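Q: Top line first, the protein sequences correspond to chains P and C.
With the first letter of the first sequence counted as 1, position 233 gets the number 233 in the working numbering; the numbers rise by one all the way through.
With the first letter of the second sequence counted as 1, position 189 gets the number 1189 in the working numbering; the numbers rise by one all the way through.
All residues carry an ideal CB built from backbone N, CA and C; glycine is no exception.
Since the model is a prediction, treat every value here as computed from it, not as a measurement.
After the structure tokens below, expect a handful of questions from me.
Number of protein chains: 2
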Amino acid sequence: MNLEAPILITGGTGFVGSHLLEKLISLGYHNIHVTSFNGVPPEIAAIIPANHVHMIDLKNHEQVNLLIKELKPEHIYHLAAFAAVGSSFDQCKMVLENNSEIQLALLEAVRDHAHEARILVIGSAMEYDLIGNTQRVISETHPLGPVSPYAVSKVIQDLLALSFFYSYRLQIVRARPFNHIGERQTTDFAIPHFAQQIVAIERGQQTEIHVGNLDAVRDFTDVKDVVEAYVLLMEKGTTGDVYNIGSGRGYTMQQMLDTMCHLAKTPVKVITDPNKVRPLDVPAIIADSSKIRKLGWQPKISIEETVQRILNEWRAK
Amino acid sequence: MNLEAPILITGGTGFVGSHLLEKLISLGYHNIHVTSFNGVPPEIAAIIPANHVHMIDLKNHEQVNLLIKELKPEHIYHLAAFAAVGSSFDQCKMVLENNSEIQLALLEAVRDHAHEARILVIGSAMEYDLIGNTQRVISETHPLGPVSPYAVSKVIQDLLALSFFYSYRLQIVRARPFNHIGERQTTDFAIPHFAQQIVAIERGQQTEIHVGNLDAVRDFTDVKDVVEAYVLLMEKGTTGDVYNIGSGRGYTMQQMLDTMCHLAKTPVKVITDPNKVRPLDVPAIIADSSKIRKLGWQPKISIEETVQRILNEWRAK
Chain P
1 MNLEAPILIT
11 GGTGFVGSHL
21 LEKLISLGYH
31 NIHVTSFNGV
41 PPEIAAIIPA
51 NHVHMIDLKN
61 HEQVNLLIKE
71 LKPEHIYHLA
81 AFAAVGSSFD
91 QCKMVLENNS
101 EIQLALLEAV
111 RDHAHEARIL
121 VIGSAMEYDL
131 IGNTQRVISE
141 THPLGPVSPY
151 AVSKVIQDLL
161 ALSFFYSYRL
171 QIVRARPFNH
181 IGERQTTDFA
191 IPHFAQQIVA
201 IERGQQTEIH
211 VGNLDAVRDF
221 TDVKDVVEAY
231 VLLMEKGTTG
241 DVYNIGSGRG
251 YTMQQMLDTM
261 CHLAKTPVKV
271 ITDPNKVRPL
281 DVPAIIADSS
291 KIRKLGWQPK
301 ISIEETVQRI
311 LNEWRAK
Chain C
1001 MNLEAPILIT
1011 GGTGFVGSHL
1021 LEKLISLGYH
1031 NIHVTSFNGV
1041 PPEIAAIIPA
1051 NHVHMIDLKN
1061 HEQVNLLIKE
1071 LKPEHIYHLA
1081 AFAAVGSSFD
1091 QCKMVLENNS
1101 EIQLALLEAV
1111 RDHAHEARIL
1121 VIGSAMEYDL
1131 IGNTQRVISE
1141 THPLGPVSPY
1151 AVSKVIQDLL
1161 ALSFFYSYRL
1171 QIVRARPFNH
1181 IGERQTTDFA
1191 IPHFAQQIVA
1201 IERGQQTEIH
1211 VGNLDAVRDF
1221 TDVKDVVEAY
1231 VLLMEKGTTG
1241 DVYNIGSGRG
1251 YTMQQMLDTM
1261 CHLAKTPVKV
1271 ITDPNKVRPL
1281 DVPAIIADSS
1291 KIRKLGWQPK
1301 ISIEETVQRI
1311 LNEWRAK
């Protein structure tokens, strides 16, 4: 474990990226660079030198080439992607182009300028066929069959990376995280959206919470447990292989909401909003994460603790 | 079987499209439209009214929308794609963008303007993982793991179509053809490239044939048998399902070349050219096509007959 090694986190100022940055700093790494597209939250600006934040467009092959060539990273955590599942139905073209372009630019730059770098590529549980194949617990060999355009774009990122492993022997490990939650996730996602509304109700700014489908079962993991898995895969994952990351526990969205309402400081009235129901939602997704557990990973943080942190985040705003 | 039904073949003037057009005309269909990007070969111009040939850019959403809205096709054979496997390693960005954009524009147009159309979407045997998983005979449940950028782009076309079946209930059937050969295939592909050179040797224009890796085993099917499978799937395929199309017989490239040399009118000297060897070639690909055989399909044309036709095509040029 060389703490001086140059590390690059693409999307390192975003939701997961920022937690990963904190984790790597806590482990003693001190040559960490991040790319950012949307700007740097103050809590991240406080923990990384300004000249380690690269405000580049990852779709731009020249900019990516230049960065990889100059930095010559040994580890690349490739987290950058347009990540909103719900809105991707209306923005199909953008999400497909964006995520495949980002992936291609990075892989070509690494192939040409940092061939020995280890790269962790982040796919998604949403890549799996969860409609045609109705198993609830999903291992890495489950057939692919993405539903949303976002999920298709994650298949592209995942399999394009595999193709560069096959064709150019790039040192790529792939991850397929299931749902994960924590601070700094945008309200495009259900749990922070719930938290935002609950806190507004606590403050008397609104009277009820508007939610979509609550029957869906999802495997929620704390983002801090997820980034531990990423660090472990960077160190010990087999190149070319893919690893599920998920707690293995399924929660209905109703259970998640109930847990959050239970932690609220006032009673919360719930209204189902048909506009929030997606064209097609997958009934249940639970991870079989035995493959990464064999490397030594397990989630440590309870769902109540995670949800409490998220509510506190919104209360502090 | 409504012979008046408007039918659209995207890429209908290309290699496979033109054989499909001939097949549908022979079956009595007489309201067939095609899209074309590169122009119309004379033998195709002779069999379809000029105003049934739509010279549009399938990446252009507006042009595709307009065509689908006006034509309201009942059957869409979606064959258009950038199809050169070998050169796609150097043109990764183009092949990915092109093939995903074509797919998205068509699916969105059908969703919005011809929701009841049946669409046959053409994937490829190259979508399967043929490196990590070394089975030689490949069924539809074999894991995906494309090697070339072209193969990645076919996964995109295939799974984006599945996602539109799941999300919008489009009437989509998917095919994964294995290697197919016949007249009008470009010399980007091995067999016509062999044929071109053999005929040049017959004419005394060159003295030897230059070839790439001859050890690879491929499942070759006559394009005329393949288009029969397409018509069958349009009529009887289960929507949402995917079907392999291939003879189930494996030939080494050496066997194919030997068969062609045997049919040549002069002795042929063979030279292996390292520049023609791809970054990574898949050792063996043979179709398990039992699923489509249950619908009544089987290949009818011998490989010798196919190869003879291809040689005669080049002799007539």
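Residue 1202/C and residue 1265/C: beta carbons closer than 9 Å?
A: The residue given as residue 1202/C occupies position 202 in the second sequence. The residue given as residue 1265/C occupies position 265 in the second sequence. Contact flag set, yes.
Q: Measuring CA to CA, which of 159/P, 230/P, 315/P, 255/P is closest to residue 17/P?
A: Here residue 17/P is taken as the residue at index 17 of the first sequence, counted from 1. When each option's Cα is compared against that of residue 17/P, the closest is 230/P.
Q: I'd like to know whether the C-beta atoms of residue 1244/C and residue 1175/C end up nearer to each other than 9 Å.
A: Counting from one through the second sequence, the residue named residue 1244/C turns up at place 244. Counting from one through the second sequence, the residue named residue 1175/C turns up at place 175. In this structure, residue 1175/C lies closer than 9 Å to residue 1244/C by Cβ.
Q: Can you check whether the CB of residue 310/P is closer than 9 Å to the CB of residue 182/P?
A: As a working note, residue 182/P is residue 182 in the first sequence. As a working note, residue 310/P is residue 310 in the first sequence. Taking 9 Å as the Cβ cut-off, residue 182/P and residue 310/P qualify as a contacting pair.
Q: Let me see if you follow: with CB-CB separation under 9 Å, is residue 1155/C close to chain P or not?
A: Here residue 1155/C refers to the residue found at position 155 of the second sequence. Yes, contact with chain P.
Q: Looking at the secondary structure, which residues open and close the alpha helix (DSSP H) in which residue 285/P lies?
A: Working through the first sequence from its first residue, we reach residue 285/P at position 285. Where residue 285/P is concerned, there is no enclosing alpha helix (DSSP H), although the beta strand (DSSP E) it sits in stretches over 284-287.
Q: Compare the beta carbon distance of residue 104/P and residue 1096/C with 9 Å and say whether it is the shorter of the two.
A: The residue given as residue 104/P occupies position 104 in the first sequence. The residue given as residue 1096/C occupies position 96 in the second sequence. Result yes, Cβ atoms of residue 104/P and residue 1096/C sit closer than 9 Å.
Q: Find the nearest neighbour of residue 194/P within the set 143/P, 35/P, 83/P, 273/P, judged by alpha-carbon distance.
A: Taking the first residue of the first sequence as position 1, residue 194/P is located at position 194. The shortest Cα separation from residue 194/P among 143/P, 35/P, 83/P, 273/P belongs to 273/P.
Q: Between the Cα of residue 62/P and those of 110/P, 315/P, 48/P, 177/P, spot the shortest distance and give me the residue it belongs to.
A: Here residue 62/P corresponds to residue number 62 of the first sequence, with the count starting at 1. Nearest of 110/P, 315/P, 48/P, 177/P to residue 62/P, Cα basis: 110/P.
Q: Are the beta-carbon atoms belonging to residue 300/P and residue 188/P less than 9 Å from one another?
A: Walking along the first sequence from the start, residue 300/P turns up at place 300. Walking along the first sequence from the start, residue 188/P turns up at place 188. No, they are not a contact pair.
Q: Starting from the beta carbon of residue 243/P, find every residue of chain C whose beta carbon is closer than 7 Å, and list them in chain order.
A: By one-based count along the first sequence, residue 243/P stands at place 243. The premise fails here: residue 243/P is roughly 14 Å from chain C at the closest Cβ pair, so nothing lies under 7 Å.
Q: Is the CB of residue 1159/C under 9 Å away from at least one CB in chain P?
A: Against the second sequence, residue 1159/C aligns to sequence position 159. Cβ-Cβ to chain P under 9 Å: yes for residue 1159/C.
Q: With a floor of 4 residues, list each alpha helix (DSSP H) that falls wholly inside the region 223-283 of chain P, ordered by position along the chain.
A: Listed in chain order, the complete alpha helix (DSSP H) runs (minimum 4 residues) inside the region 223-283 of chain P are 223-236, 253-263.
Q: Should residue 1039/C and residue 1013/C be called a contact, given that it needs their Cβ atoms to be closer than 9 Å?
A: For the purposes of this step, residue 1039/C is identified with residue 39 of the second sequence, where counting begins at 1. For the purposes of this step, residue 1013/C is identified with residue 13 of the second sequence, where counting begins at 1. For residue 1039/C and residue 1013/C, yes; Cβs fall inside 9 Å.
Q: Please report how far the alpha carbon of residue 1214/C lies from the alpha carbon of residue 1198/C, in whole angstroms.
A: Along the second sequence, one-based indexing puts residue 1214/C at 214. Along the second sequence, one-based indexing puts residue 1198/C at 198. Taking the straight line joining both Cα atoms gives about 16 Å.
Q: Please confirm if the region 1159-1176 of chain C is in contact with the region 148-165 of chain P, defined as three or more CB-CB distances below 8 Å between the two stretches.
A: Cβ pair count under 8 Å is three or more, so yes.
Q: Output, in chain order, the set of chain C residues within a Cβ distance shorter than 7 Å of residue 41/P.
A: As a working note, residue 41/P is residue 41 in the first sequence. The premise fails here: residue 41/P is roughly 32 Å from chain C at the closest Cβ pair, so nothing lies under 7 Å.
Q: Output needed for residue 124/P: all residues of its chain with C-beta closer than 7 Å, excluding positions within five of it in sequence on either side, in chain order.
A: Sequence index remark: in the first sequence, residue 124/P carries index 124 (1-based). For residue 124/P, where only same-chain residues beyond five positions count, the Cβ hits under 7 Å are 151, 154, 176, 177.
Q: What's the gap between the Cα of residue 120/P and the Cα of residue 1083/C?
A: What you label residue 120/P is simply residue 120 of the first sequence in a count that begins at 1. What you label residue 1083/C is simply residue 83 of the second sequence in a count that begins at 1. About 30 Å.
Q: Anyone know if the C-beta pair for residue 1107/C and residue 1170/C falls short of 9 Å?
A: Locating residue 1107/C in the second sequence gives position 107, counting from the first residue. Locating residue 1170/C in the second sequence gives position 170, counting from the first residue. Yes, Cβ-Cβ distance for residue 1107/C and residue 1170/C is below 9 Å.
Q: Quick one: is residue 131/P near chain C, going by C-beta distance under 9 Å?
A: Stepping through the first sequence from its first residue, residue 131/P is reached at position 131. True, the Cβ-Cβ gap to chain C drops below 9 Å.
Q: Residue 108/P touches chain C at which residues, Cβ-Cβ below 9 Å?
A: Sequence index remark: in the first sequence, residue 108/P carries index 108 (1-based). Correct list: 1092, 1093.
Q: Look up residue 140/P in the DSSP assignment and say whether it is helix, strand or coil.
A: Taking the first residue of the first sequence as position 1, residue 140/P is located at position 140. The answer is coil: DSSP assigns residue 140/P none of H, G, I, E or B.
Q: For residue 1002/C, which residues in the same chain have their Cβ closer than 8 Å to its Cβ, ignoring the five residues on either side in sequence?
A: As a working note, residue 1002/C is residue 2 in the second sequence. Once the five neighbours on either side are set aside, the close Cβ partners of residue 1002/C are 1074.
Q: Would you mind listing the beta strand (DSSP E) stretches within the region 1017-1055 of chain C that are 3+ residues and don't spill past its ends, in chain order?
A: The region 1017-1055 of chain C contains these whole beta strand (DSSP E) runs: 1032-1035.
Q: Take residue 1140/C as the anchor and find which of 136/P, 166/P, 145/P, 257/P has the nearest alpha-carbon.
A: Locating residue 1140/C in the second sequence gives position 140, where the first residue counts as 1. The shortest C-alpha separation from residue 1140/C is found at 145/P.
Q: What are the boundary residues of the beta strand (DSSP E) that residue 1377/C is part of?
A: A query on residue 1377/C cannot be resolved here, the shown segment of chain C reaching from 1001 to 1317 and no further.
Q: Just how far apart, CA to CA, sit residue 286/P and residue 1289/C?
A: Translated into positions along the first sequence, residue 286/P becomes position 286. Translated into positions along the second sequence, residue 1289/C becomes position 289. Whole-angstrom Cα-Cα distance: 32 Å.
Q: In chain order, what residues of the region 166-183 of chain P put their CB closer than 8 Å to some CB of chain C?
A: Listed by position, the residues of the region 166-183 of chain P near chain C (Cβ gap below 8 Å) are 166, 167, 168.
Q: So which residues on chain P does residue 1104/C lean against when the C-beta distance must stay under 8 Å?
A: In the second sequence, counting from the first residue as 1, residue 1104/C sits at position 104. Within 8 Å Cβ-Cβ: 92, 93, 96.
Q: Under the rule that 16 or more other beta-carbon atoms within 10 Å means buried, what is residue 1185/C, buried or exposed?
A: Numbered from its first residue, the second sequence carries residue 1185/C at position 185. The residue is buried, with at least 16 neighbouring Cβ atoms inside 10 Å.
Q: Please report the residue range of the beta strand (DSSP E) in which residue 1058/C lies.
A: In the second sequence, counting from the first residue as 1, residue 1058/C sits at position 58. Run containing residue 1058/C: none; DSSP gives neither H nor E here.
Q: Enumerate in chain order the residues of its own chain whose CB-to-CB distance from residue 271/P is below 6 Å, with the five nearest sequence positions on each side excluded.
A: Position 271 of the first sequence holds residue 271/P. Excluding sequence neighbours, residue 271/P sits near 208, 210.
Q: For residue 10/P, which three-state DSSP category applies?
A: In the first sequence, counting from the first residue as 1, residue 10/P sits at position 10. Residue 10/P falls in the strand class under three-state DSSP.
Q: If distances are taken between C-alpha atoms only, which option among 200/P, 253/P, 282/P, 223/P comes closest to residue 316/P?
A: Along the first sequence, read from residue 1 onward, the residue named residue 316/P stands at position 316. Comparing Cα positions, the closest option is 200/P.
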